[in-house]
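> The sequence shown lines up with residues 37 to 151 when you count with this note's numbering. Ideal Cβ placement from N, Cα and C applies to all residues, glycine included.
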Amino acid sequence: MVSRNWKIHQLDIHNAFLNGVLVEEVYMRQPPGFVDSALPSHMCWLHKFLYGLKHAPRAWYTCLIDFLISIGFHASKVDTSLLILSISVDIFYPIVYVDDILLTGSNSVMLNRLI
37 MVSRNWKIHQ LDIHNAFLNG VLVEEVYMRQ PPGFVDSALP SHMCWLHKFL
87 YGLKHAPRAW YTCLIDFLIS IGFHASKVDT SLLILSISVD IFYPIVYVDD
137 ILLTGSNSVM LNRLI
């Protein structure tokens, strides 16, 4: 935080939505230029997310938050985009907004290891 002279790191996760795990069956029409001429009315069954799919941001967020919780972070009771990690006297705060993350904490050496 600025008032405590903590460094703030900004991370942008490229291809974040392509890393979401599909937990439900999602189908789409065959994309233009890739239509199977023998089966033009068939649908594609997606195994991974695509950009533009309305489920993708939520799946990415869930995957990321589940991972962060599994390594010791806990969710803030006030803001669902804020997580907290306490290690001894040090504390770290990632704030997640879709595929952008702000990360700050009291120990800059440990903070650099986290990123």
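#1: Does the beta-carbon distance from His45 to Leu139 come in below 8 Å?
#2: Under 8 Å between C-beta atoms, does Ser142 make it to chain B?
#3: Short of 8 Å in beta carbon distance, which residues of its chain neighbour Ile127, apart from the five on each side in sequence? Order them along the chain.
#4: Three-state secondary structure (DSSP) at Val62?
#5: According to the Cβ coordinates, are Leu118 and Tyr133 closer than 8 Å?
#6: Would you kindly work out how many angstroms separate the C-alpha atoms of Met64 and Ile101, rounded to a whole number?
Put simply:
#1: yes
#2: The structure shown contains no chain B, having only a single protein chain.
#3: Ile120, Leu121, Gly141 and Ser142
#4: strand
#5: no
#6: 27 Å
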